[in-house]
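Under this note's numbering, the first residue of the sequence shown carries the number 5, and numbering increases by one thereafter. Backbone N, C-alpha and C define an ideal beta-carbon position, used for all residues, glycine too.
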Amino acid sequence: MKLRILKIFAFVFTFYACEKPIKSNGVIGDEGSLTFVFDKIQMNSNSFEVYTLIPLETTPNNFLSDNLTVKTSEDFIFVFDEQIRDGIHKFDQKGRYVSQIISVGEGPERVNSIADFIISGDNIEILSGKGAYSEIIYFSIVDEKIVNKLKLEIIGFSFEKIGETYYLYSSYNFPFAEYRVSKIDLQGNIISGLLKNDYSGKMMPVVERNFFTNNGSTFLTESFSNKIYELTEHAFKTKYIIDFGRNNIQQDFFENDMMMAFEKLNDNGFYSIRNHFETTDHAFTNLVFQKENAYEQYQIFFDKKSNEIFKNKLQGPWIELLQYPIGITDTNLLIFSIPPQVLLQNAELLNLKLNSGIEIDDNPVLVYLKLKK
């Protein structure tokens with residue numbers, strides 16, 4: 005299996021310094037957080053059953069890769085291809101293709117780039133890079149046109165909107181970002197900085213999906229952290245800590261040349277939290293372990309009412325089937341983007357009778373799965 009290496013990009017920028025110093029809210033405390041010792045979490049061999057499928061219709065102009073960011077409104081499914089990164093596609097709730105509502109490129113109603121996007125009422129809000137700074141572009145879903153732009157005083161790679169506040173993630177991008185997370189008001193003013201960027205070596209932004217919002221709750225994960233943070237409009241706190249023992253990333257990792265430090269880290273082996281989704285009753289965390297040529301995928305399931313917790317190491321066909329988690333519903337169904345070829349090859353395992361016309365070369369299928377204990 006081809007290793008999924010962290011995307012480390014070298015950027016060349018004209019140095020940009022914020023005119024206003026960013027105020028820190030202080031150290032993010034771990035009070036009230038739950039700590040799980042990974043090695044002590046009971047291992048269960050679990051499988052899933054399919055609840056429903058939404059094949060994303062394939063047309064001559066909307067071929068998608070497998071790694072998707074998917075967000076929904078009441079009427080539509082919006083899809084951003086993390087690999088191709090050429091625009092945002094709109095499907096109806098049954099997966100029928102409507103249009104490429106936003107395109108990357110030059111010209112009217114096009115955007116320079118797409119780092120992330122959110123659905124906010126009748127608008128899609130797009131985080132876009134402009135070299136030395138980022139901007140939020142407001143795009144009307146109904147009129148399919150740009151209605152406003154908001155220039156930010158900082159570079160960001162992922163963002164989320166909660167009430168009257170934006171949270172912007174800038175990664176390990178010193179000196180361009182003093183803090184990895186900035187809290188910003190709707191006018192673009194920086195309210196405060198969180199998670200101080202104490203890495204002082206060469207600039208190294210890690211481009212990844214950091215914010216995960218489900219059922220009114222928002223969480224943030226980082227590839228080089230064993231903490232999962234919960235965000236509200238007025239608070240930012242550590243919700244969970246996963247103790248990986250000797251595979252915890254040590255603080256001196258951030259005190260060395262990043263490329264050399266990452267090579268050493270990869271030699272020793274490390275865990276990386278990739279996704280976290282939560283409902284009122286359950287929490288689901290997706291993480292990977294990477295060491296030299298080894299690559300393992302794990303899932304952690306936490307029943308918040310009973311405090312029962314267990315982990316699942318993906319084996320055999322489940323590795324490909326569950327490689328791309330999308331989210332979780334309020335009824336605790338896990339959503340995955342699954343390539344048609346992988347789905348068809350494992351129809352018997354999933355107890356599927358596929359008569360829907362899905363072809364091997366079609367776009368990914370959104371598969372809603374129920375955990376079988």
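{"Check": "Expected contact under 8 Å - CB spacing of K295 and N270 to nearest Å", "Outcome": "7 Å"}
{"Check": "Length-filtered (4 minimum) alpha helix (DSSP H) runs lying within the region 48-108", "Outcome": "none"}
{"Check": "Opposing strand residues paired with Y244 [DSSP bridges]", "Outcome": "L38, I232"}
{"Check": "H93 burial status per 10 Å Cβ neighbour count (16 or more: buried)", "Outcome": "buried"}
{"Check": "Three-state secondary structure assigned by DSSP to R114", "Outcome": "strand"}
{"Check": "Proximity below 9 Å, CB of L60 to CB of F95", "Outcome": "yes"}
{"Check": "Residue of V41, M47, A239 minimising C-alpha distance to Q319", "Outcome": "M47"}
{"Check": "Nonlocal neighbours in the same chain, by C-beta distance under 7 Å from G361, ignoring five residues either side", "Outcome": "none"}
{"Check": "Buried versus exposed call for L172 [16 or more other C-beta atoms within 10 Å across all chains shown]", "Outcome": "buried"}
{"Check": "Where K1 sits in the DSSP three-state scheme", "Outcome": "It is not possible to answer for residue 1, since the shown part of the chain is limited to 5 through 377."}
{"Check": "Alpha-carbon spacing of A136 relative to K309, whole angstroms", "Outcome": "46 Å"}
{"Check": "L373 - containing beta strand (DSSP E), residue span", "Outcome": "369-376"}
{"Check": "The alpha helix (DSSP H) enclosing A298, as first and last residue numbers", "Outcome": "Element bounds for A298: not the alpha helix (DSSP H) but the beta strand (DSSP E), 298-307."}
{"Check": "For I158, the nearest candidate out of Q104, N230, R278, K134 (CA to CA)", "Outcome": "K134"}
{"Check": "Nearest-angstrom Cα separation, counted from T63 out to D366", "Outcome": "9 Å"}
{"Check": "Heavy atom of the ligand COA within 8 Å of R184 beta-carbon", "Outcome": "The ligand COA is not part of the structure shown, which contains no ligands of any sort."}
{"Check": "Completely contained alpha helix (DSSP H) runs for the region 312-340, where each covers 4 or more residues", "Outcome": "322-325"}
{"Check": "Per DSSP, cross-strand counterpart(s) of H286", "Outcome": "D307"}
{"Check": "Terminal residues of the beta strand (DSSP E) in which N270 lies", "Outcome": "That residue, N270, is in no beta strand (DSSP E); its alpha helix (DSSP H) goes 262-272."}
{"Check": "Contacts around T236, its chain only, beta-carbon distance under 7 Å, and the 5 residues preceding and following it disregarded", "Outcome": "I166"}
{"Check": "Proximity to D147 [Cα-Cα], best of E226, F257, I128, T333", "Outcome": "I128"}
{"Check": "The region 227-244 / the region 271-287 touching (three or more Cβ pairs under 8 Å)", "Outcome": "yes"}
{"Check": "Opposing strand residues paired with K200 [DSSP bridges]", "Outcome": "Y183"}
{"Check": "Where the alpha helix (DSSP H) containing L347 begins and where it ends", "Outcome": "344-349"}
{"Check": "Beta-ladder partner(s) of Q46, from DSSP", "Outcome": "F314"}
{"Check": "Opening and closing residue of the beta strand (DSSP E) in which D120 lies", "Outcome": "120-124"}
{"Check": "Euclidean distance between Cα positions of E312 and P329", "Outcome": "22 Å"}
{"Check": "Contact set for S221: own chain, Cβ-Cβ below 6 Å, skip 5 residues either direction", "Outcome": "E282"}
{"Check": "S107 versus I88 - alpha carbon distance", "Outcome": "12 Å"}
{"Check": "Nearest-angstrom Cα separation, counted from R278 out to L38", "Outcome": "18 Å"}
{"Check": "Limits of the beta strand (DSSP E) - the one that L224 falls within", "Outcome": "221-224"}
{"Check": "CA-to-CA distance, I194 to S186, given in whole angstroms", "Outcome": "7 Å"}
{"Check": "Own chain partners of V31 with C-beta closer than 6 Å, once the 5 adjacent residues on each side are dropped", "Outcome": "Confidence at V31 is low in this model, with a pLDDT of 47, below 50, so its placement is unreliable and the value that follows should be read with caution. Hits under 6 Å: none found."}
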